[in-house]
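**Q** Next up is a structure, given as structure tokens.
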Amino acid sequence: MKPELILTLIVDAGHAWMVAPYKVLEWLKIHKDISAYSYRQKDICFLEEDSDGPKLLEALNLININFKIKTLKVDRWSGRDIIPHYYLDF
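Each residue of the sequence shown is one higher than the one before, counting from -17 in our numbering.
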């Protein structure tokens, strides 16, 4: 049986973000395709649900990586108030 990647989807009343390590985005070669609607705190990225989260899932599917999504429901995700918008390492 192939190992599975466990992803977390943070969901609040108005939106959602897929959590992924920056290194995974680099490995999948999608790190340059992520928008400023997503967030990043050091090595952890919070991918906006409508545009960037699907990029991650599509890239995983293309190379046949099994994954599961755990949903974490919160009243309001405060990360958007304190975490910088997504940025690239140069």
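Cβ coordinates follow ideal geometry from the N, Cα and C atoms, glycine included.
None of these values were measured; they are calculated from a predicted model.
In whole angstroms, give me the CA-to-CA distance for residue 38 and residue 67.
**A** Within the sequence shown, the letter at position 56 stands for residue 38. Within the sequence shown, the letter at position 85 stands for residue 67. When rounded, the distance between both Cα atoms is 17 Å.
**Q** Terminal residues of the continuous alpha helix (DSSP H) containing residue 1?
**A** Translated into positions along the sequence shown, residue 1 becomes position 19. Segment -2 to 3 is the beta strand (DSSP E) holding residue 1; no alpha helix (DSSP H) there.
**Q** Which residue's Cα is closest to the Cα of residue 42: -5, 62 and 9?
**A** Working through the sequence shown from its first residue, we reach residue 42 at position 60. Of the listed residues, the one whose Cα sits closest to residue 42 is 9.
**Q** Given this structure, state the Cα-to-Cα distance separating residue 2 from residue 61, to the nearest angstrom.
**A** Here the question's residue 2 lines up with position 20 in the sequence shown. Here the question's residue 61 lines up with position 79 in the sequence shown. Using only the alpha carbons, I get a separation of about 14 Å.
**Q** On a CA-only basis, which of 72, 65 and 11 is nearest residue 45? Give me that one, please.
**A** As a position in the sequence shown, residue 45 is number 63, starting the count at 1. The candidate whose alpha carbon is nearest that of residue 45 is 11.
**Q** If you follow the beta strand (DSSP E) that residue 78 is in, where does it begin and where does it stop?
**A** Shown here, the chain extends from -17 to 72; a query on residue 78 therefore has no answer.
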